[in-house]
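If you use the working numbering, the sequence shown corresponds to residues 81 to 335, in order. Backbone N, C-alpha and C define an ideal beta-carbon position, used for all residues, glycine too. The structure displayed is predicted, hence computed values, not measured ones. Reviewing the structure listed below.
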Amino acid sequence: MRLNGKVALVTGANSGIGQAIAQRFAAEGAHVAVNYLAGGSRDEAAKATVASLATEGIGAPADVSKRTDVEAMINSILEKFGKIDIVVNNAGVEVKKPFVDITDEDWQFVIGVNLTGAFVVAQTVVRQMLKQGNGGKVINISSVHEDVPFPGYAPYCTSKGGMRMLMRNMALELASVGINVNNIAPGAIATPINQAVLNDPVASANAISEIPWGRFGKPADVASVAVFLASDEAGYVTGSTYYVDGGLVQQVTKY
Ligand code: BGC
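Written as structure tokens, this is what we have:
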């Protein structure tokens with residue numbers, strides 16, 4: 081058990097990568113707050129995720145792009161568990177549109193959840209970690225698109241590039257207080273965000289042909305790296321991005 085006695089907040093943990101991280105953290109002994117955006121089928125999914133955890137967890141509804149929501153969520157976690165040792169900024173959304181058609185609403189939605197959300201959640205948690213005086217771990221789930229452009233996804237790539245620089249800056253500012261800050265950059269992982277591609281055999285085969293490892297990643301592939309970064313074993317690791325992408329970013333153009 082690598083996270084015994086720790087308390088972790090995972091945003092967007094009602095599905096996909098976030099859910100796998102929440103489950104894996106609990107299997108390693110951590111209490112986990114399962115953040116989700118309230119509404120629709122997400123409420124049930126979050127409840128089921130909490131029920132699936134190996135340790136006691138809680139549902140933690142909040143729109144991560146709204147500071148008042150985030151502060152209320154952090155207070156409810158502190159009421160229940162008294163501290164937060166680990167935060168994973170995983171909540172993320174995508175809008176696919178040509179650059180010339182992107183609206184202000186599209187832009188603000190994607191930047192709001194992915195980048196502003198990561199900032200607001202991390203800042204609120206780090207303030208608490210400073211009060212605790214015992215360091216902590218901040219892990220952002222970015223994407224290979226924190227570095228690689230993706231035509232049709234300008235707001236998404238911009239948000240992920242922003243997460244990269246936010247992480248690097250935070251790592252330097254928080255080194256002296258023992259807070260490790262790192263990114264995990266997943267490639268093409270089989271999760272709901274990629275459902276349309278997964279359902280289309282031609283698009284799926286195209287995607288796989290670009291992945292040197294020859295398959296989509298699984299949420300568990302990302303969760304195992306998150307456990308390492310959240311554990312004491314990663315005590316000297318900060319300011320880095322860990323690619324979990326089956327070699328996708330190293331791929332050369334094939335023609
Ligand atoms: C995106 C996926 C995409 C993958 C690889 C991820 O960040 O969410 O839609 O398949 O990057 O390009």
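query	result
How close, in whole Å, do the beta carbons of PRO141 and ALA118 come, if the pair is a contact with beta carbons under 8 Å?	4 Å
Are ASN260 and LYS217 closer than 7 Å when you measure CB to CB?	yes
What separation, rounded to the nearest whole angstrom, lies between the Cα atoms of GLU136 and VAL112?	7 Å
What does ASN262 pair with, by DSSP beta-bridge criteria?	ILE219
For MET243, is the classification buried or exposed, using 16 other Cβ atoms within 10 angstroms of its Cβ as the cut-off for buried?	buried
What is the C-beta distance between THR318 and SER95, in whole angstroms, given that I count them as a contact (C-beta under 8 Å)?	At roughly 29 Å, the Cβ-Cβ gap does not stay under 8 Å, so THR318 and SER95 are not in contact.
Can you find a heavy atom of ligand 1 that lies under 6 Å from the Cβ of GLY326?	no
Name the two residues that bound the continuous alpha helix (DSSP H) containing ILE288.	281 to 289
Going by Cα to Cα distance, which pick from TYR116, THR333, GLY315 is closest to ALA255?	GLY315
Measure how close the beta-carbons of ALA202 and ASN169 come, nearest whole angstrom, since I'm counting them as under 8 Å.	6 Å
In this structure, does DSSP put LEU133 in helix, strand or coil?	coil
Among SER304, VAL305, GLY294, ALA300, whose alpha-carbon lies nearest the alpha-carbon of GLY327?	GLY294
Out of ASN279, VAL87, ASN286, state which residue places its alpha-carbon closest to the alpha-carbon of GLU159.	VAL87
Is ILE273 near ligand 1, in the sense that its beta carbon is under 6 Å from a heavy atom of that ligand?	yes
If you measure from the CB of ASP276, is any heavy atom of ligand 1 nearer than 6 Å?	Looking at the sequence shown, residue 276 is not Asp but Ala. No; taking the cut-off as 6 Å, the Cβ of ALA276 has no heavy atom of ligand 1 nearer than that.
Is any heavy atom of ligand 1 found at a distance shorter than 6 Å from the C-beta of GLY267?	yes
Which residue spans inside the segment 97 to 181 form an unbroken alpha helix (DSSP H) run of at least 4?	121 to 132, 147 to 161
Classify GLN103: buried if its beta carbon has 16 or more other beta carbons within 10 angstroms, exposed otherwise.	buried
Use the C-beta contact count for SER289: other C-beta atoms within 10 angstroms, 16 or more gives buried, fewer gives exposed.	exposed
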